[in-house]
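A.B. asks: Pasting a structure here, questions to come.
Number of protein chains: 2
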Amino acid sequence: MRCKRCTEPAIIEIRRHRTSFCSECFLHHCREQVRRAIDKHRMIAPDERVLVAISGGKDSLALWDILLDLDYEADGVYLGLGIDDYSKRSQSFAERYADTRGAKLHIVDIPAEHGFGIPDAARATKRVPCSACGLSKRHLLNRAAIDGGYDVLATGHNLDDEAAVLFGNVLQWHVDYLARQRPMLPATDGFARRVKPLIRMGEREMAAYCVVKRIDYIVEECPMAAGNRHLRYKEVLNQIEERTPGAKATFYLQFLNEMLPHLDQVAAEERSMVGACSRCGAPSSQEICAFCKLVEKVG
Amino acid sequence: MRCKRCTEPAIIEIRRHRTSFCSECFLHHCREQVRRAIDKHRMIAPDERVLVAISGGKDSLALWDILLDLDYEADGVYLGLGIDDYSKRSQSFAERYADTRGAKLHIVDIPAEHGFGIPDAARATKRVPCSACGLSKRHLLNRAAIDGGYDVLATGHNLDDEAAVLFGNVLQWHVDYLARQRPMLPATDGFARRVKPLIRMGEREMAAYCVVKRIDYIVEECPMAAGNRHLRYKEVLNQIEERTPGAKATFYLQFLNEMLPHLDQVAAEERSMVGACSRCGAPSSQEICAFCKLVEKVG
């Protein structure tokens with residue numbers, strides 16, 4: 050197998066692009082895919098300050114790496130979720146990467162600042178852990194971006210993640226969730242702009258990127274996520290992809306191109322309903338935001 | 050296991066409804082589900098004349114049976130597709146049912162009237178057989194309904210069929226197909242109203258209905274459909290249903306409730322582009338309709 054770009058021996062085949070690459074050309078390909086996503090969806094202007102949400106996993110560290118290589122001014126923020134040993138080890142991968150690159154990493158520790166971890170929150174609210182975790186992340190990452198004066202908050206959601214979320218939303222036709230599932234959500238009162246520059250990259254490519262670039266990351270999935278819905282949806286989509294390479298990218302990217310324009314009005318109506326939480330001032334469509342309610346319940 | 054309606058021993062469990070029925074109550078349930086679909090989507094008014102598309106399979110014969118039991122004036126039309134022995138046997142099942150019920154069955158034989166069968170059409174056009182077949186059916190069934198002065202054409206598409214088609218359309222976000230995937234398409238110039246009264250009934254329930262009512266039907270799938278996309282999508286959906294009973298009905302019925310209203314304009318634009326075929330006068334968005342093009346190619 051030869052690199053389709055330079056004819057050197059290839060190290061990876063990407064079936065949905067009907068191509069294969071050597072290490073150097075693969076890194077070039079990754080950067081180009083990210084650049085293309087950023088340009089097409091107007092995610093980040095050249096002089097803007099970016100805050101990258103870092104979990105210590107392959108996607109977020111690779112995203113940070115690519116953004117730095119593309120010369121963006123990109124700092125990281127690590128959110129300590131209080132999931133015992135898993136959180137500690139994740140944090141050390143994040144810190145090690147920041148040290149190596151000489152990049153700035155903010156640490157927000159939920160147990161230290163709010164007195165509880167995600168396992169406590171899940172127990173207290175009887176929510177599935179991923180739900181309590183997701184809402185905490187949305188709230189605290191946004192606050193970190195706003196407080197730090199960043200123009201934009203970037204997360205490492207890749208094509209597989211976004212396709213799985215889309216699949217879940219489509220199975221139940223949550224039209225308001227569909228309308229909001231955009232790779233770039235513009236800044237609104239109290240919300241930093243949120244972007245997902247990895248939407249054109251598969252999970253497998255992100256792992257390969259880290260291997261080639263020698264970025265150490267936490268390989269295990271979060272222990273609390275085991276068996277969650279999205280992991281099942283990923284399996285279903287992988288089956289379809291296996292038979293029809295490119296099916297997953299078509300499913301997600303055609304959604305952006307073909308369906309989302311019909312849901313612009315739904316999204317605008319949603320946005321118009323957002324006020325401010327009476328407790329913390331964060332944007333919320335209810336009097337008290339979901340995070341403050343969570344804090345109250347756990348406490 | 051007991052019937053949830055009358056406590057007699059049950060013969061079928063329907064997991065997505067969390068219920069089970071004896072024979073009599075199951076038949077009542079089937080009629081009620083069809084009545085509900087007809088009412089909700091204004092498919093058929095009490096005094097209208099219905100033409101039911103009959104393939105000789107379980108769905109179309111059960112549909113005909115239920116419509117007759119619900120006192121609709123319903124005739125059948127059988128389309129001979131020229132698929133050798135399979136077509137002959139299918140036709141005999143259709144005729145036998147019509148005889149038993151003393152119901153009127155029209156026969157339209159494609160090879161006799163147009164000089165070719167579906168296998169020839171597929172070869173000549175290099176289309177997959179299901180594509181040539183589908184377009185021929187749409188054209189000829191509509192013509193039979195219009196020529197016979199029927200108010201409405203009913204087809205036996207069940208929940209599994211519609212969910213699989215929806216799944217295929219969603220995987221590629223064919224927004225115009227999505228906008229058109231309605232259980233009731235109103236009559237327009239040259240098109241009879243088209244309805245799908247079995248959208249609330251699963252494949253398995255339709256087979257059970259025929260067993261209970263002692264309706265003989267052709268059990269084999271069409272030999273030309275083997276391995277087609279929709280059969281694969283049905284498998285995927287069955288996997289999801291297995292884990293989450295009701296997922297399939299939610300997927301399809303929520304699409305009708307939640308998504309379709311956002312696509313009304315797309316559907317209206319589509320309709321406004323339909324003119325008449327210059328050759329046969331049938332409605333078509335192109336100068337010559339797809340069926341006349343097919344006839345030309347095969348001939």
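Going down the list, the sequences are from chains A and B. Going by the numbering used here, the first residue of the first sequence is number 50, and it counts up by one from there. Going by the numbering used here, the first residue of the second sequence is number 50, and it counts up by one from there. By construction, the Cβ of each residue, glycine as well, lies at the ideal position given by its N, Cα and C atoms. Just so we're clear, the structure is a prediction, and the values are computed from it rather than from any experiment.
Going by other Cβ atoms of all chains shown within 10 Å of its Cβ, with 16 needed for buried, is A:Ser354 buried or exposed?
C.D. replies: The structure shown does not extend to residue 354 of chain A, since chain A spans only 50 to 348, so no value can be given for it.
A.B. asks: Who are the Cβ neighbours of B:Ser333 in its own chain at under 6 Å, not counting the five residues just before and after it?
C.D. replies: Once the five neighbours on either side are set aside, the close Cβ partners of B:Ser333 are Cys326.
A.B. asks: Measure from the alpha carbon of A:Leu119 to the alpha carbon of each residue in A:Val347, A:Arg80, A:Tyr199 and A:Arg145, then state which is nearest.
C.D. replies: A:Leu119 has its Cα closest to that of A:Arg80, out of A:Val347, A:Arg80, A:Tyr199 and A:Arg145.
A.B. asks: Could you tell me which of A:Asp209, A:Cys338 and A:Ala143 sits nearest to A:Lys283, measuring between CA atoms?
C.D. replies: Among A:Asp209, A:Cys338 and A:Ala143, the Cα nearest to that of A:Lys283 is on A:Asp209.
A.B. asks: Extract the residue ranges of the beta strand (DSSP E) inside the region 177 to 230 of chain A, only unbroken runs of 3 or more that lie entirely within it.
C.D. replies: Whole beta strand (DSSP E) segments, 3+ residues: 201 to 203.
A.B. asks: A:Val261 and A:Met92 - do their beta-carbons sit closer together than 7 Å?
C.D. replies: Cβ distance not < 7 Å, so A:Met92 and A:Val261 don't count as in contact.
A.B. asks: Looking at the structure shown, is B:Ile264 part of a helix, part of a strand, or coil, going by DSSP?
C.D. replies: Coil, per DSSP.
A.B. asks: Smallest Cα separation from B:Phe216: which of A:Leu76, A:Gly239, A:Ser136 and A:Leu286?
C.D. replies: Measuring from the Cα of B:Phe216, the nearest candidate turns out to be A:Leu286.
A.B. asks: Cutting at 8 Å between CB atoms, please list the residues of its own chain near A:Ile159, excluding the five before and the five after it.
C.D. replies: Excluding positions up to five away in sequence, the list reads Leu128, Gly129, Leu130, Gly131, Phe165, Gly166, Ile167, Ser185 and Leu189.
A.B. asks: Under the DSSP definition of a beta bridge, which residues are partnered with A:Asp124?
C.D. replies: DSSP output for A:Asp124 lists A:Leu100 as bridge partner(s).
A.B. asks: May I have the straight-line CA-CA distance separating B:Ala275 from A:Lys342, to the nearest angstrom?
C.D. replies: If you take the alpha carbons of B:Ala275 and A:Lys342, they lie about 54 Å apart.
A.B. asks: Starting from the C-beta of B:Cys329, find all residues in its chain whose C-beta is less than 6 Å away, skip the five residues before and the five after it, and write them out in chain order.
C.D. replies: The residues are Cys341.
A.B. asks: Please state if the CB of A:Met255 and the CB of A:Lys89 are separated by a distance shorter than 7 Å.
C.D. replies: No, they are not a contact pair.
A.B. asks: Using a Cβ-Cβ cutoff of less than 6 Å, which residues in the same chain neighbour A:His206 once the five nearest sequence positions on both sides are dropped?
C.D. replies: Lys245.
A.B. asks: Could you tell me whether the Cβ of A:Phe304 comes closer than 7 Å to any Cβ of chain B?
C.D. replies: Yes, its Cβ sits closer than 7 Å to a Cβ of chain B.
A.B. asks: Looking at the unbroken alpha helix (DSSP H) that takes in B:Asp108, where does it start and where does it end?
C.D. replies: Segment Lys107 to Asp118, the alpha helix (DSSP H) holding B:Asp108.
A.B. asks: In the DSSP assignment, find the alpha helix (DSSP H) that holds A:Ser69 and state where it starts and stops.
C.D. replies: No alpha helix (DSSP H) contains A:Ser69, which is instead part of the beta strand (DSSP E) from Thr68 to Phe70.
A.B. asks: Which class does B:Glu269 belong to by DSSP, given the choice of helix, strand or coil?
C.D. replies: B:Glu269: coil per DSSP, three-state reduction.
A.B. asks: On the DSSP bridge list, what partners appear for A:Ser333?
C.D. replies: Looking at the DSSP assignment, A:Ser333 forms a beta bridge with A:Gly324.
A.B. asks: Taking B:Asp148 as part of the beta strand (DSSP E), name the residues at either end of that continuous run.
C.D. replies: Unbroken run through B:Asp148 is the alpha helix (DSSP H), Asp133 to Arg150; no beta strand (DSSP E).
A.B. asks: Using a Cβ-Cβ cut-off of less than 8 Å, give me the residues of the region 281 to 294 of chain B that come near chain A, in sequence order.
C.D. replies: Taking 8 Å as the Cβ-Cβ cut-off against chain A, the residues of the region 281 to 294 of chain B that qualify are Arg281, Val285, Gln288, Ile289 and Arg292.
A.B. asks: For the region 303 to 320 of chain B against the region 224 to 240 of chain B, are there 3 or more C-beta pairs whose distance is under 8 Å?
C.D. replies: Touching, yes, given that three or more Cβ pairs across the two stretches are closer than 8 Å.
A.B. asks: What is the residue span of the beta strand (DSSP E) that B:His155 lies within?
C.D. replies: First-last of the beta strand (DSSP E) with B:His155: Leu154 to Asp158.
A.B. asks: In this structure, does DSSP put A:Met255 in helix, strand or coil?
C.D. replies: Looking at A:Met255 - three-state DSSP - the assignment turns out to be helix.
A.B. asks: Beta carbon of A:Tyr199, beta carbon of A:Arg67: below 7 Å?
C.D. replies: Cβ distance not < 7 Å, so A:Tyr199 and A:Arg67 don't count as in contact.
A.B. asks: May I ask whether a heavy atom of the ligand FAD can be found less than 6 Å away from the beta carbon of A:Tyr127?
C.D. replies: Looking at this structure, you won't find the ligand FAD or any other ligand, since it has none at all.
A.B. asks: Do B:Ala173 and B:Tyr301 count as a contact pair if the criterion is CB distance below 7 Å?
C.D. replies: Taking 7 Å as the Cβ cut-off, B:Tyr301 and B:Ala173 do not qualify as a contacting pair.
A.B. asks: Going along the chain, which residues of its own chain have a beta-carbon closer than 6 Å to the beta-carbon of B:Ile289, five neighbours each way excluded?
C.D. replies: Taken in chain order, the residues that qualify are Ala296.
A.B. asks: Tell me, to the nearest whole angstrom, how far the beta carbon of B:Gln82 is from that of B:Arg242; I am working on the premise that it is less than 8 Å.
C.D. replies: Not quite, the Cβ-Cβ distance comes to about 20 Å (not below 8 Å), so this is no contact.
A.B. asks: Is DSSP giving B:Arg243 helix, strand or coil here?
C.D. replies: Note: B:Arg243 maps to strand in three-state DSSP.
A.B. asks: Using a Cβ-Cβ distance under 7 Å, would A:Thr299 count as near chain B?
C.D. replies: Taking Cβ atoms only, chain B reaches closer than 7 Å to A:Thr299, which makes this a yes.
A.B. asks: What separation, rounded to the nearest whole angstrom, lies between the Cα atoms of A:Lys53 and B:Ile264?
C.D. replies: Cα to Cα, the separation comes out at about 60 Å.
A.B. asks: In terms of residues, what are the limits of the alpha helix (DSSP H) holding A:Ile60?
C.D. replies: No alpha helix (DSSP H) holds A:Ile60; DSSP gives it neither H nor E.
A.B. asks: Quick one: which chain A residues come within Cβ less than 8 Å of B:Gln221?
C.D. replies: Chain A residues near B:Gln221: Thr299, Phe300 and Gln303.
A.B. asks: Closest Cβ-Cβ distance between B:Glu211 and chain A: below 7 Å?
C.D. replies: No, B:Glu211 does not count as interfacial toward chain A.
A.B. asks: I want to verify the contact list: residues of chain B whose CB lies under 8 Å from the CB of A:Ala296, in sequence order.
C.D. replies: The answer, in chain order, is Leu220.
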